[in-house]
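Each residue of the sequence shown is one higher than the one before, starting from 855 at the first, in the numbering used here. Just so you know, even glycine gets a beta-carbon here, dropped at the ideal spot from N, CA and C. Only a predicted model underlies this, so the values are computations on that prediction, with no experimental measurement involved. Reviewing the structure listed below.
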Amino acid sequence: MTSTAEIIERYADDIAAVAAEAPVTDLDTFIDHVDTAARQLEIAGINGHEDIESAVGYLSDARNSDDDAARTAFLNRADELLKFIWDMADEYSDMV
């Protein structure tokens, strides 16, 4: 089971590096940063940016869900899609 806090803790630094923002701990701002990072990765032509874009949707769905099982499923899917952000963030930092 993946929690919102775990996802943010796991990915906030890499997302923030691509989004050119400071790492955050709240979900709303994190979603905004993930969205910005997805756009930056797309502009840079980095493979996998589509997964980051999709993660935004799952994180938003998790935020808006009143059902614990659905929220957990959304978070697990977002976690799966974000797992390679470290590699994309490294590639992005090499380009800028």
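Closer than 8 angstroms by C-beta to VAL878: which residues in its own chain qualify, once you throw out the five before and the five after it? Chain order, please. Taking the sequence shown and counting its residues from 1, the one referred to as residue 878 is at position 24. Answer for VAL878: ILE862, ALA866, ALA870, PHE884 and HIS887, listed in chain order.
Tell me where the alpha helix (DSSP H) around PHE884 begins and ends. In the sequence shown, residue 884 corresponds to position 30, counting from 1. First-last of the alpha helix (DSSP H) with PHE884: 881-898.
Could you tell me whether the region 918-937 touches the region 894-901, where touching means 3 or more Cβ pairs closer than 8 angstroms? With the cut-off at 8 angstroms, the region 918-937 and the region 894-901 do not touch.
Considering only their Cβ atoms, is the gap separating ASP915 from ALA923 smaller than 9 angstroms? Taking the first residue of the sequence shown as 1, we reach residue 923 at position 69. Taking the first residue of the sequence shown as 1, we reach residue 915 at position 61. No, these two residues do not count as a Cβ contact at 9 angstroms.
For ALA873, does the count of other Cβ atoms within 10 angstroms reach 16, so buried, or fall short, so exposed? For the purposes of this step, residue 873 is identified with residue 19 of the sequence shown, where counting begins at 1. That one is buried.
Which value, in whole angstroms, describes the spacing of the CA atoms of ASN918 and LYS937? Numbered from 1 along the sequence shown, position 64 holds the residue referred to as residue 918. Numbered from 1 along the sequence shown, position 83 holds the residue referred to as residue 937. So the alpha carbons of these two residues sit roughly 22 angstroms apart.
How would you call VAL950, buried or exposed, if buried means at least 16 neighbouring beta carbons within 10 angstroms? Sequence index remark: in the sequence shown, residue 950 carries index 96 (1-based). Answer is exposed; the Cβ neighbour count stays below 16.
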